[in-house]
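>
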Ligand code: 13P
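Residue numbers (our numbering): 146 to 396.
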């Protein structure tokens, strides 16, 4: 199973800046990318085509959208369809990122609809889940992860697993805060996610990649990637500079 090293560039970088960063990243890592690593960059929408273009000769690299709407086309002002993402060179999409759940107000059900529709349309999905600090302190970690996975994967059939889906565990309290979850917290949460995936899909649930996200940096990436059931990382702030993200990719 290849480790999935993913960069979420959030609402940063113009199209030109994103293209330059992607080109620098490819120059720093493309020749040295280990066989067991795969890289996905999630830039904002106007940067998708330029980034896909910059990475078209970089083996092991692909591009994804940060969001999607569950319809092929229609009167959905401001939204974008899976087909439109693929037309820009995307192979992947993120669903359920905590900023979409907690800042934009997306429901578990909408996240589930986006996930299933995107897979049926031919995209691979990184479904993001994770608890808030209040939920963790109230002892609700297991319940929250189960609810987000049950609803997020409700329409994802076993035959799409494991190729079309990865799950990113991103504790909300560790995102952009510099507070990385400690190894015991990561191992506990990833083991819970693994159990839930195997309960849902049987043996193929063991091959679904589970990524960790939340304050991953060049300094802590190697230790995190080596933990049980950590099959990659989803990186925000430390992925914005080519030098920093290249050190994470090669960690
Ligand atoms: P940071 O790496 O900036 O904490 O962000 C994590 C994240 O939200 C990735 O999706």
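Glycine is no exception: its CB is placed at the ideal position from the N, C-alpha and C atoms.
Would you give the residue range spanned by the beta strand (DSSP E) that residue 240 belongs to?
First-last of the beta strand (DSSP E) with residue 240: 235-240.
> Pick helix, strand or coil for residue 269, following the three-state DSSP scheme.
The answer is strand: DSSP assigns residue 269 an E or B state.
> What are the complete beta strand (DSSP E) segments, minimum 3 residues, inside the segment 167-191?
Counting only runs of 3 or more, we get 182-187.
> Going by other Cβ atoms of all chains shown within 10 Å of its Cβ, with 16 needed for buried, is residue 308 buried or exposed?
It is exposed - the Cβ of residue 308 has fewer than 16 other Cβ atoms within 10 Å.
> Quick one: Cα of residue 231 to Cα of residue 239, how far?
C-alpha separation (whole angstroms): 13 angstroms.
> Roughly how many angstroms separate the alpha carbons of residue 276 and residue 388, rounded to a whole number?
Rounded to whole angstroms, residue 276 to residue 388 spans 30 angstroms at the Cα level.
> Measure from the alpha carbon of residue 366 to the alpha carbon of each residue in 173, 325, 297, 337, then state which is nearest.
When only C-alpha atoms are compared, the closest one is 325.
> Alpha carbon to alpha carbon, what distance is there between residue 220 and residue 380?
In a straight line, the C-alpha of residue 380 is about 33 angstroms away from that of residue 220.
> Please indicate yes or no: does the CB of residue 327 lie closer than 7 angstroms to some heavy atom of the ligand 13P?
Outside the cutoff, so no.
> Report the rounded CA-to-CA distance for residue 320 versus residue 358, giving the unit in angstroms.
Roughly 7 angstroms separates the two Cα atoms.
> Would residue 248 pass as a contact of residue 294 if the rule is Cβ separation under 8 angstroms?
Going by C-beta atoms, residue 248 is not nearer than 8 angstroms to residue 294.
> Considering only heavy atoms of the ligand 13P, does any lie closer than 7 angstroms to the CB of residue 301?
No, the ligand 13P has no heavy atom inside 7 angstroms of this Cβ.
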